[in-house]
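Step one of this worksheet: look at the structure below.
There are 2 protein chains.
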Amino acid sequence: MNAGRYSYLTHLECARCGRRHEADRYVGLCEECTSPLVARYDLENLRAEVSREELAGRRWELWRYHELLPVAAPEAEQKLGEVVTPMLRMRRYADQLGLEELWVKDESATPTSTFKARGAAVGVSRAAELGVRRIAMPTNGNAGAAWASYAARAGLSALIVMPADAPMITRAECLSAGAELYLVDGVISDAGAMVAQAVADGDWVDVATLKEPNRIEGKKTMGLEIVEQLGWTLPDVVVYPTGGGVGLIGIHKAIAELLELGWVQGEMPRFVAVQSDGCAPIVRAFERQEATSTFFADSRTVAFGINVPKPLGDFMVLDTLYSTKGTAVAVSDDALLSELRVLGASEGLFVCPEGAAAMVAVRQLCSDGWIASHERVVVLNTGAGIKYPECVNTDLPVLDAGAALPIAEAR
Amino acid sequence: MNAGRYSYLTHLECARCGRRHEADRYVGLCEECTSPLVARYDLENLRAEVSREELAGRRWELWRYHELLPVAAPEAEQKLGEVVTPMLRMRRYADQLGLEELWVKDESATPTSTFKARGAAVGVSRAAELGVRRIAMPTNGNAGAAWASYAARAGLSALIVMPADAPMITRAECLSAGAELYLVDGVISDAGAMVAQAVADGDWVDVATLKEPNRIEGKKTMGLEIVEQLGWTLPDVVVYPTGGGVGLIGIHKAIAELLELGWVQGEMPRFVAVQSDGCAPIVRAFERQEATSTFFADSRTVAFGINVPKPLGDFMVLDTLYSTKGTAVAVSDDALLSELRVLGASEGLFVCPEGAAAMVAVRQLCSDGWIASHERVVVLNTGAGIKYPECVNTDLPVLDAGAALPIAEAR
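Heads up: the sequence lines are chains A and B, in that order.
One point on numbering: in our numbering, the residue at position 228 of the first sequence is 228, and numbering is uninterrupted.
Count along the second sequence from 1, add 1000, and you get the number used in our numbering.
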């Protein structure tokens, strides 16, 4: 009876208390306990009515998985070019680590050049479809850029608050998209409090991380794509640079849904949450085997996207690590800046510092045997290196026109 | 008898004197007159042996057009994720111009986030396939970043020389990819002379614009994609921000080949070359109906990618404009910086200044009637706006943490 449904979304479920909410009106947080909501689908009927082979003829964009996304109709999809991002096999670099099969899922190709576009594409599309006209959010930069862009595409107003030391490029993106942008002398939690106050005083909808349910669904598409790009098979290990952790939660949810659908068989991969040792609340909690994290004071790292001192979804991230026999690793800024150059010179891929952090973790986990050489590893590079040009020292001497190049000396 | 050939390349032909060169060894310029070489294919047999329907099942990347590319074998393709880039319909913005059907071919999604990746992907792959191990080139930034990245991917050495005032981000990209990078106090022609000297003194191969034939072939894929993405039909007008002009030459070549193959029917589109009024050699030559351009002294524009005072392929660009009943338009930096913001706020797309220049040209050509309201227009956005963050003024006041957002005043 559900044949031909575009989305198989049924309801939203509270991640803490389990309360069910209807999905056909906009709701951000659980109305019982104000916890994050999770989208649920009619997987039983989807399994009966659609086979994964039907995807073959569809566009190579994240919307190809529309049955597993919350947007109810194709005309509500706001598009800025959400291509299925490349899975790049790293052979030369993997050889250095003694690893047979290493893949980078490279999110550079997304609109606004980070994985944040996925959450924004699905989040804005669904919010607009349900009648939302004005969105507000705090950001460390990239999420604000993505949501501001999709808001403009959808004709919505956007209010963005970011720390003054967030990446400068993301300011330009928010302003280019016509968003109302404010800078704060503080961290993302300060920005979040200021947004919450504006939301309380006005008619904005707060779309901060996990304050609405559709960002997870957008990020889930990374997991759907990884599995399809591996020929509907599973990796052994997924390594994810973890700030808010929504991508990790989303990839895990994607694979759980695909397993339940029977679109893939096998073992759930082990998940690795990678943080900076300048901001490692998940790693600390994991080491103590705790269910939630503690605020990480005075956090600081060049990998700005993972500078999240107390992720709202910490309990979901930690649960994923425990249930998949995963782990959590903190790396130093020095190590990640160095790894960024090693990977770039080996493979030509300029990753973001968060992606470089994940590479350091892979190196460490291979070295200490947690990852075995025959295992198939997928690392998320969550954004383009060009959004963080300060990660490479570009201070070079300037030659006069006509000068001979000092090539011999440089060798 | 050619059935199953991966590439239908037959030979290289001099664009000036017509001399034929064999394609199975590396050759950069015509050995008769040192003019640019153009790749030629066995279109007659390709037409008989392959139908465009065979492409349907192939990967959504530029290599799907391998019969029309020079790389002889799939294992020689160096890949960093050359997705077919999005064609984005601009409805809200087109309404402002009184235009029914406006598409932006958005090159942001390419590796290194500009269209230069196409030339580099095909150019490096083919050079490496023919035994080249060391490449050298002058650049205004983005081409160097792209070629350095693909060189690293292929395991080649790269020597790059760029003006000291080229976009800072592209320095970081070259260095990240392990290239030998030099900065010069001068323009791209100064860099070119220094590269030529290094090539004469050493064992580098000069892969500067039009000094090797495969960059055109890579850029040709923009044209192949546009036609396929329009359902194997042709646009009426193609608007292209023109520096060296290789992209324009390539798109025209692509459509000519598709017409000859019978994969598309109809009229060749009219081509529009867009330049900055601070560097407009093609526009000046077009106004005088000349066959070649004159060096444009003291050139200067924020659209750094089109700051090319004397393009080597000027005669090919001008010939395309004349033969297609096209035109050439110069726009001011002020106009393009303003248009960049208008487009961003209307559609959420942050274009590069070169793309913004093309948008200004569309607005002018619609306004003066050269483009009719019912015509189907494709504009090339040659790169991501984030590579030029200085195009948006991001100087904002910084609020104290906890301050109320001054929303009322901002309205």
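Yeah, the Cβ is synthetic: ideal placement off N, Cα and C, and Gly gets one too.
No experiment lies behind these values; they were computed from the predicted model shown.
Cutoff 8 Å: residue i Cβ touching any chain B Cβ
i: A:A23; result: no
i: A:G385; result: yes
i: A:S113; result: yes
i: A:N2; result: Its pLDDT being 43, under 50, A:N2 is placed unreliably in this model, and the coordinates cannot settle the point.
i: A:S149; result: yes
i: A:L340; result: yes
i: A:M194; result: yes
i: A:P389; result: yes
i: A:G202; result: yes
Interface flag, residue i vs chain A, CB-CB below 8 Å
i: B:D1289; result: The sequence as given places Gln at residue 1289 of chain B; Asp does not occur at that position. Closer than 8 Å: no.
i: B:G1344; result: yes
i: B:D1184; result: Rather than Asp, the amino acid found at residue 1184 of chain B in this sequence is Val. Yes, B:V1184 lies at the interface with chain A (some Cβ there is under 8 Å from its Cβ).
i: B:E1129; result: no
i: B:T1382; result: no
i: B:G1348; result: yes
i: B:P1309; result: no
i: B:A1410; result: Annotation note: pLDDT 45 at B:A1410 (below 50); position unreliable, coordinate value reported separately. True, the Cβ-Cβ gap to chain A drops below 8 Å.
i: B:L1230; result: no
i: B:R1153; result: yes
i: B:T1394; result: yes
i: B:L1181; result: yes
One or two residues paired with residue i in a DSSP bridge
i: A:V38; result: A:E13
i: B:R1341; result: None, per the DSSP bridge assignment.
i: A:F271; result: A:V238
i: B:K1105; result: B:M1087, B:L1380
i: A:A328; result: A:A273
i: A:E61; result: A:V83
i: A:H21; result: A:L12
i: B:V1122; result: Note: B:V1122 sits in no beta bridge, so no partner.
i: B:L1029; result: B:P1036
Where the alpha helix (DSSP H) through residue i begins and ends
i: B:P1111; result: That residue, B:P1111, is in no alpha helix (DSSP H); it is neither H nor E in DSSP.
i: A:H252; result: 246-261
i: B:I1135; result: Careful: B:I1135 lies outside any alpha helix (DSSP H), inside the beta strand (DSSP E) at 1134-1138.
i: A:V195; result: 188-201
i: A:T458; result: Since the first residue shown for chain A is 1 and the last is 411, residue 458 of chain A is missing from the structure and cannot be characterised.
i: B:R1171; result: 1168-1176
i: A:D298; result: Careful: A:D298 lies outside any alpha helix (DSSP H) and carries neither H nor E.
i: A:T320; result: 314-323
i: B:D1412; result: Examination of residue 1412 of chain B is not possible in this model, given that chain B is present from 1001 through 1411 alone.
i: B:W1204; result: Element bounds for B:W1204: n/a, residue is neither H nor E.
i: B:A1147; result: The sequence shown places Trp at residue 1147 of chain B, rather than the Ala named in the question. It spans 1142-1154 - the alpha helix (DSSP H) in which B:W1147 sits, taken as one unbroken run.
i: A:Y388; result: Careful: A:Y388 lies outside any alpha helix (DSSP H) and carries neither H nor E.
Sequence-distant residues of its chain with Cβ nearer than 6 Å to residue i (five each side left out)
i: B:M1001; result: With a pLDDT of only 41 at B:M1001, under the threshold of 50, the placement of this residue in the model should not be trusted; the figure read from the coordinates follows. Same-chain partners within the cutoff: there are none.
i: B:L1159; result: A1136, E1180, W1204
i: A:V38; result: E13, A15
i: B:M1359; result: E1339, L1343
i: A:N214; result: P70, V122, G123, R126
i: B:Y1388; result: C1352, P1353
i: B:A1254; result: K1220, G1223, L1224
Residue span of the beta strand (DSSP E) that contains residue i, given as start and end
i: B:S1157; result: 1157-1163
i: A:V184; result: 180-185
i: B:L1349; result: Element bounds for B:L1349: n/a, residue is neither H nor E.
i: B:G1228; result: Residue identity differs from the one stated: residue 1228 of chain B is Glu in this sequence, not Gly. From DSSP, B:E1228 is part of no beta strand (DSSP E) but of the alpha helix (DSSP H) over 1214-1229.
i: B:V1398; result: 1398-1400
Close beta carbons around residue i, own chain, < 8 Å, minus the five adjacent residues each side
i: B:T1324; result: H1252, M1268, P1269, R1270, F1271
i: A:A94; result: E100, E101, L102
i: A:I249; result: I216, K219, G313, M316, V317, T320
i: B:P1397; result: none
Own chain partners of residue i with C-beta closer than 7 Å, once the 5 adjacent residues on each side are dropped
i: A:L46; result: Y8, E67, L261
i: A:S276; result: T301, A303, I306, A330, V331, D333, A357
i: B:V1083; result: W1060, E1061, A1109
i: A:S35; result: C14, A15, R16, C17, L29
beta-carbon residue i near the ligand MN non-hydrogen atom, thresh 7 Å
i: B:G1344; result: Ligands in the displayed structure: none, and consequently the ligand MN is not present.
- Taking a cut of 9 Å between CB atoms, which residues from the segment 1396-1408 of chain B lie near chain A? L1396, P1397, V1398, L1399, D1400, A1401, G1402, A1403, A1404, L1405, P1406, I1407
- Item | Contacting positions in the segment 90-107 of chain A - beta carbon closer than 8 Å to chain B | R92, D106
- Task: Can you give me, in chain order, the residues of the segment 1156-1178 of chain B that have a beta carbon less than 8 Å from any beta carbon in chain A?
- Result: L1159, V1161, A1164, M1168, I1169, R1171, A1172, E1173, L1175, S1176, A1177, G1178
- Task: Give the residues from the segment 1074-1090 of chain B that approach chain A closer than 9 Å (Cβ to any Cβ), ordered along the chain.
- Result: Q1078, K1079, L1080, G1081, E1082, V1083, V1084, T1085, P1086, M1087, L1088, R1089
- Which residues, in order along the segment 48-77 of chain A, keep a beta-carbon less than 9 Å from a beta-carbon of chain B? A56, G57, R59, W60, E61
- Contacting positions in the segment 1293-1322 of chain B - beta carbon closer than 7 Å to chain A: none
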